[in-house]
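Line order of the protein sequences matches chains A and B.
So that you can map any letter, position 160 of the first sequence is 160 in our numbering, and since no number is skipped, the others follow by simple counting.
So that you can map any letter, position 418 of the second sequence is 873 in our numbering, and since no number is skipped, the others follow by simple counting.
Note that beta-carbon positions come from the ideal geometry of N, C-alpha and C, so glycine has one too.
Since the structure comes first, as structure tokens, the remarks are kept for the end.
2 protein chains.
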Amino acid sequence: MSFARQVGILAAEVYFPRHFVDQKDLEKYDGVSEGKYTIGLGQENMGIVSDREDVNSIALTALDKLIKSYSIDLSKIGRLEVGTETMVDKSKSVKSYLMQRFEEAENFDLEGVDNKNACYGGTAALFNTVNWVESSSWDGRCGIVVMADIAIYGKGPARPTGGVGAVAMLVGPNAPLEIKPTKQHYMRHTYDFYKPELTSEYPVVDGPLSITCYFEALDNCYNGWRQKVKKNSPNSSFSCLENLDYFCFHAPFAKLVEKSFARLLFSDLRCCPEELSKKLGKEGFDSLEKYHNITTADSLKDKTLEKSLTTVAKPLFESKCLPSLKISKNVGNMYTPSLYGCILSLLSTGKLTGGEKIGCFSYGSGLSASFYTIEIHNGEKLNKINKVTSLIDERLNGRTKITCADLVEFAANKTTSEKLKNESFKPAGPVDSLESGTYYLEHIDSKWRRHYKTA
Amino acid sequence: MSFARQVGILAAEVYFPRHFVDQKDLEKYDGVSEGKYTIGLGQENMGIVSDREDVNSIALTALDKLIKSYSIDLSKIGRLEVGTETMVDKSKSVKSYLMQRFEEAENFDLEGVDNKNACYGGTAALFNTVNWVESSSWDGRCGIVVMADIAIYGKGPARPTGGVGAVAMLVGPNAPLEIKPTKQHYMRHTYDFYKPELTSEYPVVDGPLSITCYFEALDNCYNGWRQKVKKNSPNSSFSCLENLDYFCFHAPFAKLVEKSFARLLFSDLRCCPEELSKKLGKEGFDSLEKYHNITTADSLKDKTLEKSLTTVAKPLFESKCLPSLKISKNVGNMYTPSLYGCILSLLSTGKLTGGEKIGCFSYGSGLSASFYTIEIHNGEKLNKINKVTSLIDERLNGRTKITCADLVEFAANKTTSEKLKNESFKPAGPVDSLESGTYYLEHIDSKWRRHYKTA
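Written out as structure tokens, the structure reads:
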């Protein structure tokens with residue numbers, strides 16, 4: 001036997017909540033300068049869930065959307081795994097909750113569990129599923145990957161970088177979105193963002209360190225990936241500008257993605273200056289050339305370099321990367337599904353028709369990161385994904401705007417360990433305003449068991 | 456390209472703590488009848504860690520033991536992943552702590568993160584690593600899998616089923632312990648054992664449900680596995696007795712494993728009564744035959760059937776399964792490493808010389824379970840594993856016995872979220888008595904960052 005061919009994403013769906021706050025409203029409510037969140041962070045709106053939704057319910061909703069949008073036969077699924085960092089149980093997996101959806105099909109033979117490493121867990125789940133399809137254990141069935149997180153911060157500068165969402169994907173051979181085998185990982189022990197206070201939904205964040213870690217991981221992944229590609233195809237020259245049509249990033253906020261895309265030019269400057277010069281033209285290239293020999297450490301601190309890079313990169317950013325930020329700008333940081341929300345945003349433009357190559361950067365604090373590429377193949381399956389994703393705009397626009405006071409109330413009503421110690425828990429959030437088919441938390445009983453219904 | 460061949464475990468090491476309590480002492484201390492823990496549960500001793508060791512430190516210790524025992528070159532490792540359910544951070548992975556060990560080798564390119572589903576996470580990590588070696592993403596390097604847990608219960612009937620341990624394994628092609636591709640999984644949403652109280656180290660357990668779930672998963676996995684094997688080799692007949700030389704189980708306590716082994720005869724009774732009859736002889740078989748048509752639900756409740764099965768199975772249990780329970784009986788439940796501690800116990804007998812087939816049952820509450828087989832291949836690599844595991848007896852015997860009062864003090868001193876909210880944390884447990892090379896917690900600083908040293 002040999003490898004299954006062209007393994008990747010066969011189908012995908014996204015879930016984002018029905019409620020959002022406008023970042024302009026949040027600027028006023030927080031009393032910060034106008035534009036701090038909208039221009040400074042590049043964010044427009046932020047998705048919000050009440051105590052009616054938790055990580056299990058949003059994962060169930062995304063899985064259900066995938067099944068319905070693509071009429072998936074659940075008896076033909078052989079793997080199911082989850083990426084998340086929104087823990088509601090230290091032992092039980094979110095995957096085990098999703099198995100409820102397989103009861104009717106009486107299919108309990110599904111490899112895979114939960115993958116955990118901050119925002120990176122979804123990518124680990126995807127890679128595992130692709131590897132499984134290519135392994136001798138594969139039995140011809142497809143796999144499903146679900147990524148889900150609720151990103152929430154207390155009052156303060158991090159709050160506008162919250163968000164909520166879930167993505168579900170069907171994985172198998174002959175896929176319209178092929179995951180290419182050459183990947184570069186960067187994994188290291190850091191304390192940039194972590195959640196050691198198990199009673200709290202909020203992380204401990206070292207903001208400046210987190211940004212440095214993200215760039216450092218990007219540099220290492222992108223350069224390492226390029227070296228591997230060169231090794232495999234010694235006669236070709238590689239730079240982001242020459243070889244890849246689109247770029248999708250893990251997106252905590254849009255401005256960081258813009259800077260990250262620009263930073264790829266800095267890598268190109270050092271590895272393939274000639275190709276970069278051809279692409280940028282004399283004026284653009286000249287403004288960067290003086291940085292050719294700057295150390296990596298200095299380059300991470302140099303604000304003038306950062307400014308030059310983003311200025312020169314702007315037109316390329318707008319064509320190759322900006323179309324991927326639609327969901328991110330309007331829903332916020334979704335943690336594990338973030339990168340995949342960007343890929344779906346890009347698909348939602350309807351511009352991908354086959355032959356395109358997408359560079360993907362996945363990052364999770366702590367830290368784990370990967371750079372890899374997706375190649376688009378045309379055909380009926382791509383048409384179907386394009387059709388499903390074309391509805392994303394309508395779904396974003398059909399949401400309900402809530403006030404910042406509501407946002408604070410939503411957060412305050414959340415269940416806590418303290419509450420659960422003494423009684424069972426009845427959520428107070430609205431059910432009527434949920435989209436039809438959305439799973440929601442009905443109650444948590446005195447044995448801490450969670451019970452769900454669908455709206 | 457085609458699959459890498461004979462992929463499996465190339466090398467393995469186990470870590471169990473230096474301190475233990477005698478289960479006979481615990482019977483007296485708890486004021487229960489003599490033999491309740493030693494005969495009723497089948498346990499002899501229980502491993503204990505003080506506040507000096509946490510899940511990260513025991514994982515680091517096991518990894519370090521693996522590297523040193525087999526002189527592993529860390530620049531040649533391409534994957535590292537972890538199975539655990541002992542959470543000290545909701546976001547950061549244990550894998551990221553293990554990356555500290557790769558700093559010196561400057562190797563940060565390692566796929567994989569943490570796998571979470573109660574005691575099953577280690578098996579998920581192992582399967583993922585095998586699949587990766589067989590995938591197109593594999594670059595010729597080996598993978599490492601680390602499983603680590605601290606199983607601790609408050610005062611009460613579950614306390615004697617605690618334990619602590621970690622296993623680290625090197626995974627790659629041409630392995631002496633080959634993981635065969637035919638596997639049967641059983642995954643379902645249950646609330647048999649879970650940890651929803653994030654502030655507590657202790658689980659919420661529904662004891663009777665947990666045992667039923669374990670047997671139900673075993674029935675489904677074993678029967679499903681047999682059907683798959685039959686489908687792949689239609690002319691052969693399969694029963695546990697005929698085709699497999701040894702059996703290793705996830706072992707919460709030894710008595711459950713004895714009953715589980717016996718329950719395989721019940722599956723054989725319904726699927727291949729003729730082979731079973733040949734193996735057991737007339738008298739043994741006659742005592743079981745009347746149960747041929749009992750429903751599965753009734754079979755799980757029938758104590759006379761259970762007694763008949765364990766009686767008939769006793770000699771087979773003693774030859775095919777008991778040798779695997781050495782670590783489990785003396786260290787206790789290690790959660791994710793439990794099954795792998797059993798495999799290493801079996802190897803430590805020195806009896807495996809090649810050609811043997813081992814049936815393996817992995818179970819994690821919530822629930823996730825798998826049945827699969829390992830085939831032993833002789834050669835230098837097997838000799839090396841046999842040599843390393845031959846030291847297990849000496850290491851078990853070289854431990855320090857502590858009193859039950861010490862056990863309670865060890866537990867009481869543990870760090871809690873409440874303590875960490877107000878101050879940094881200095882563990883109080885003994886360092887002098889740790890085995891040389893053991894990683895231990897030096898302190899947790901005011902930003903909840905954990906700092907480790909080696910004894």
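Among A:Asp302, A:Trp448, A:Ala455 and A:Cys360, nearest to B:Asp647 - alpha-carbon criterion: Residue A:Trp448 is the option with its Cα nearest to B:Asp647.
Whether B:Leu875 touches B:Arg507 by CB criterion (7 Å): One thing to note: B:Leu875 has its Cβ no nearer than 7 Å to the Cβ of B:Arg507.
At least three beta-carbon pairs within less than 8 Å, the region 191-206 of chain A to the region 262-282 of chain A: In the pairwise beta carbon analysis, the region 191-206 of chain A is classified as not touching the region 262-282 of chain A: fewer than three pairs are separated by under 8 Å.
CB contact flag (B:Val510, B:Ala573, <7 Å): Result no, Cβ atoms of B:Val510 and B:Ala573 do not sit closer than 7 Å.
Identity of the residue in A:Phe425, A:Lys357, A:Lys155 and A:Asp109 nearest A:Ser137 by Cα: Of A:Phe425, A:Lys357, A:Lys155 and A:Asp109, the smallest CA-CA separation from A:Ser137 is found for A:Asp109.
Coarse secondary structure for A:Asn107, derived from DSSP in three states: Taken through DSSP and simplified to helix, strand or coil, A:Asn107 comes out as coil.
Under 8 Å by beta carbon: chain A residues contacting B:Gly679: Going along chain A in sequence order, the residues near B:Gly679 (Cβ under 8 Å) are Asp109.
Separation of B:Ser783 from B:Thr498, as counted between CA atoms: According to the sequence provided, residue 498 of chain B is Gln. The question's Thr does not apply to it. Rounded to whole angstroms, B:Gln498 to B:Ser783 spans 8 Å at the Cα level.
Coarse secondary structure for B:Phe740, derived from DSSP in three states: The answer is helix: DSSP assigns B:Phe740 an H, G or I state.
Cβ distance (whole Å) where B:Lys550 is taken to contact B:Gly567 below 8 Å: So it is a contact: roughly 7 Å between Cβ atoms.
Helix, strand or coil at A:Met147 [DSSP, three-state]: Three-state result, A:Met147: strand.
Closer than 7 Å to chain B by CB, A:Gln6: No - not a single Cβ of chain B is within 7 Å of the one on A:Gln6.
Alpha-carbon to alpha-carbon, B:Asp674 and B:Leu755: Each residue's alpha carbon lies about 10 Å from the other.
For A:Leu177 and A:Tyr70, believed in contact at Cβ under 8 Å, the rounded distance: The Cβ separation is near 13 Å, so there is no contact.
Residues of its chain near B:Ile435, where Cβ-Cβ distance is below 8 Å and the 5 sequence neighbours each way are ignored: The displayed coordinates of chain B run from 456 to 910. Any statement about residue 435 of chain B would go beyond what the structure contains.
Classification of A:Ser365 by the beta-carbon crowding that lies within 10 angstroms, buried from 16 upward: Taking all protein chains in view, the Cβ of A:Ser365 is crowded by 16 or more other Cβ atoms within 10 Å, so the residue is classified as buried.
Rounded Cβ spacing between A:Asp268 and A:Leu241 (contact assumed at less than 8 Å): Confirmed, about 7 Å.
Partners in chain A for B:Ser823, counting only beta-carbon separations shorter than 8 Å: Contact note: B:Ser823 reaches chain A through Ser93, Lys95, Ser96 and Val113, using a C-beta cutoff of 8 Å and chain order.
Spatial neighbours of B:Phe557 in its chain, beta-carbon cut-off 6 Å, leaving aside the 5 residues before and after: Closer than 6 Å at Cβ, skipping near neighbours: Leu529.
Where B:Val786 sits in the DSSP three-state scheme: Correct three-state label for B:Val786: helix.
DSSP three-state assignment for B:Ser825, whether helix, strand or coil: B:Ser825 sits in a strand when the DSSP states are folded into three classes.
Coarse secondary structure for A:Tyr186, derived from DSSP in three states: Per DSSP, reduced to three states, the secondary structure at A:Tyr186 is strand.
Contacts of B:Thr791 in chain A (Cβ-Cβ under 8 Å): None at all; the shortest Cβ gap to chain A is about 11 Å.
Buried versus exposed call for B:Pro658 [16 or more other C-beta atoms within 10 Å across all chains shown]: Counting Cβ neighbours within 10 Å, B:Pro658 comes out buried, since at least 16 surround it.
Beta carbon proximity, A:Thr199 to chain B, threshold 7 Å: True, the Cβ-Cβ gap to chain B drops below 7 Å.
Minimum length 4: unbroken alpha helix (DSSP H) runs contained in the region 258-306 of chain A: If you keep only unbroken alpha helix (DSSP H) runs of at least 4 residues inside the region 258-306 of chain A, you get 273-289 and 296-301.
Identified DSSP bridge partners for B:Glu633: Within the DSSP bridge table, the entry for B:Glu633 names B:Gly463 and B:Glu830 as partners.
Cutoff 8 Å; reference A:Ala11; Cβ partners in own chain excluding five residues on either side: The answer, listed in chain order, is Leu66, Ser69, Tyr70, Ile72, Met169, Leu170, Lys381, Lys384, Ile385 and Val388.
For A:Ile77, three-class secondary structure by DSSP: Here A:Ile77 sits in strand by DSSP.
Buried/exposed call for A:Ile39, threshold 16 Cβ in 10 Å: Around the beta carbon of A:Ile39, a 10 Å sphere encloses fewer than 16 other beta carbons of the protein chains shown; the residue is thus reported as exposed.
Closest Cα partner of A:Val21 within the set A:Ser233, A:Thr304, A:Phe410 and A:His451: It is A:Phe410 whose Cα lies nearest to the Cα of A:Val21.
Cross-chain neighbours of A:Ala12 in chain B, by beta carbon under 8 Å: Near A:Ala12 there are no residues of chain B at all, since even the closest Cβ is about 21 Å away, more than 8 Å.
Buried or exposed (CB count within 10 angstroms, at least 16 for buried), B:Lys856: With fewer than 16 other Cβ atoms within 10 Å, it is exposed.
Among A:Leu26, A:Gly47, A:Asp25 and A:Gln6, the one whose alpha carbon lies nearest that of A:Asn397: If you compare the alpha carbons of A:Leu26, A:Gly47, A:Asp25 and A:Gln6 with that of A:Asn397, the shortest gap goes to A:Gly47.
Below-7 Å beta-carbon distance, A:Glu134 vs any chain B residue: So yes, A:Glu134 belongs to the interface.
A:Asp22 (DSSP reduced to helix, strand or coil): Here DSSP, grouped into helix, strand and coil, assigns A:Asp22 to strand.
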